[in-house]
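Residue numbers (the numbering used here): 4 to 102.
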């Protein structure tokens, strides 16, 4: 596997379309002397979350094994966002208000 991209951790943002079969996501980290690493996959809500989870989980084991050699503590998270407001909770009507 070739490593074409060199990133020095600080604040790095990368966008990859995993639905494009031709897209390859190779990252080589040239790390500063740090012992902790947090990685967060942020998925737009318009994408099918199960498809994305399948693609991410396919690379997760190899990614974690590779990073465990260099970092004492690794946290990896997955979340989704939407440009439109979503309501997590709704208030159900308690019944008729007429007397």
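Quick reminder that beta carbons are idealized off the backbone N, C-alpha and C, glycines included. Predicted model, so just to flag it, every value in this text is computed and none were measured.
Cβ-based neighbour list, residue i, same chain, cut-off 7 Å, excluding 5 preceding and 5 following
{"i": "residue 40", "result": "70, 74 and 77"}
{"i": "residue 38", "result": "74, 75 and 76"}
{"i": "residue 51", "result": "none"}
{"i": "residue 48", "result": "83, 84 and 85"}
Whole-angstrom C-beta distance between residue j and residue i, which should lie under 8 Å
{"i": "residue 46", "j": "residue 83", "result": "5 Å"}
8 Å Cβ shell around residue i - same chain, five flanking residues per side excluded
{"i": "residue 56", "result": "81"}
{"i": "residue 67", "result": "77 and 79"}
{"i": "residue 36", "result": "none"}
Sequence-distant residues of the same chain with beta carbon closer than 6 Å to residue i, five excluded per side
{"i": "residue 15", "result": "Residue placement at residue 15 cannot be trusted, given a pLDDT of 48 that sits under 50; what the coordinates show is reported in the next sentence. Answer for residue 15: no residue qualifies."}
{"i": "residue 44", "result": "59 and 81"}
{"i": "residue 42", "result": "79"}
{"i": "residue 87", "result": "none"}
Range covered by the beta strand (DSSP E) that runs through residue i
{"i": "residue 76", "result": "76-84"}
{"i": "residue 41", "result": "39-47"}
Delimiting residues of the alpha helix (DSSP H) encompassing residue i
{"i": "residue 53", "result": "52-71"}
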